[in-house]
Structures are given as structure tokens and as C-alpha cells.
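Student:
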Amino acid sequence: QVQLVESGGGLVQPGGSLTLSCAASGINFSIYNMGWYRQAPGTERELVATITFLGGTNYADSVKGRFTISRDNAKNSVNLQTNSLKPEDTAVYYCNANRFRFSYWGQGTQVTVSS
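Per the working numbering, residue 715 is the first one in the sequence shown, and the count goes up by one each step.
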């Protein structure tokens, strides 16, 4: 079955950095578009960054210049490098794999930015 497992979340001070990772299994990873989304308490899930199967990237305006998404098809993984973190970046971060009508989600990893 398809599994997406996120890791790398935690508590970090404002201005700090974290690298989130998502390990995928059960799919032909190299042909899937991948993405990171986040959801803070009381809000809807929102797009953070996406990377297509060809490597094209897209970012939410709120994270441009601070976050970088990358993929390693040899390791079936997608990373999100987060820098200059702000308290408003606090959320559960979810990994998504999608292709045509197929869409899969991980269980999420908590990122808390606080002093």
C-alpha cells in the first residue's frame, strides 16, 4: 500500500531552520508530483510548496525565499528546507503525492516556532 512518512519536525526558535523529509513507498515515485502543505489550528490546510515530477517548483508567497523543496528520486524522498522560521509557520506539515486522480497524504509532522 502507499505510505508517505514525514519526519524532521520539532520545536525551533524564531529565525531557526528545520529540514522536513518525506519518505514514499508503494508508488512509482519518479512520476508523481510531490508537495508540502500545512495546517494550523482552526485553519484550512494550505499549500506550502510543490515540485513536479520534472522538477518544477512552486511556493506560497508567505514562504518564498525562505523555504526550498527538493526531491531525490533515487531515495523516493522529498525534502523541505525551512529557514528564517517565524511563529506564523507553526503548523502540522503534510506531505502529498499526486498524479492525475490519485492523491495520497502522510500523517503529518508538527513544526512549532516559539521562543
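For every residue, glycine included, the Cβ atom is placed at its ideal position computed from N, Cα and C. Bear in mind that the values here come from a model prediction, so they are computed numbers and not experimental data.
Got a sec? Which residues, its chain only, sit under 7 angstroms from Arg813 by beta carbon, not counting five neighbours each side?
Tutor: Contacts found: Ile745, Tyr746, Asn747.
Student: Where in the stretch 760-808 do unbroken runs of the alpha helix (DSSP H), each at least 4 residues long, occur, reported from the N-terminal end onward?
Tutor: For the stretch 760-808, not a single whole alpha helix (DSSP H) run of length 4 or above is found.
Student: Are the stretch 793-811 and the stretch 757-767 touching by the rule of at least three beta carbon pairs closer than 8 angstroms?
Tutor: Yes, they touch.
Student: Can you give me the C-alpha to C-alpha distance between Phe743 and Leu794, rounded to a whole angstrom?
Tutor: Distance between the alpha carbons of Phe743 and Leu794: 17 angstroms.
Student: Just the C-alpha distance for Gly749 and Leu732, rounded to the nearest angstrom, thanks.
Tutor: Each residue's Cα considered, the two are about 17 angstroms apart.
Student: Flag this pair as touching only if the stretch 810-827 and the stretch 721-729 have three or more C-beta atom pairs under 8 angstroms; answer yes or no.
Tutor: In short, these stretches touch, since the Cβ pair count reaches three.
Student: Using DSSP bridges, identify the partner residues of Asn747.
Tutor: BP columns for Asn747 point to Asn812.
Student: Could you name the residues that DSSP lists as bridge partners for Glu758?
Tutor: None, per the DSSP bridge assignment.
Student: Could you pull out every residue in the same chain whose Cβ sits closer than 7 angstroms to the Cβ of Asn787, ignoring the five residues on either side in sequence?
Tutor: Phe743, Ser744, listed in sequence order.
Student: Give me the Cα-Cα distance between Asp775 and Tyr818, rounded to the nearest whole angstrom.
Tutor: Cα-Cα distance, rounded: 24 angstroms.
Student: State the Cα-Cα distance for the pair Arg785 and Ser829, rounded to the nearest angstrom.
Tutor: C-alpha separation (whole angstroms): 31 angstroms.
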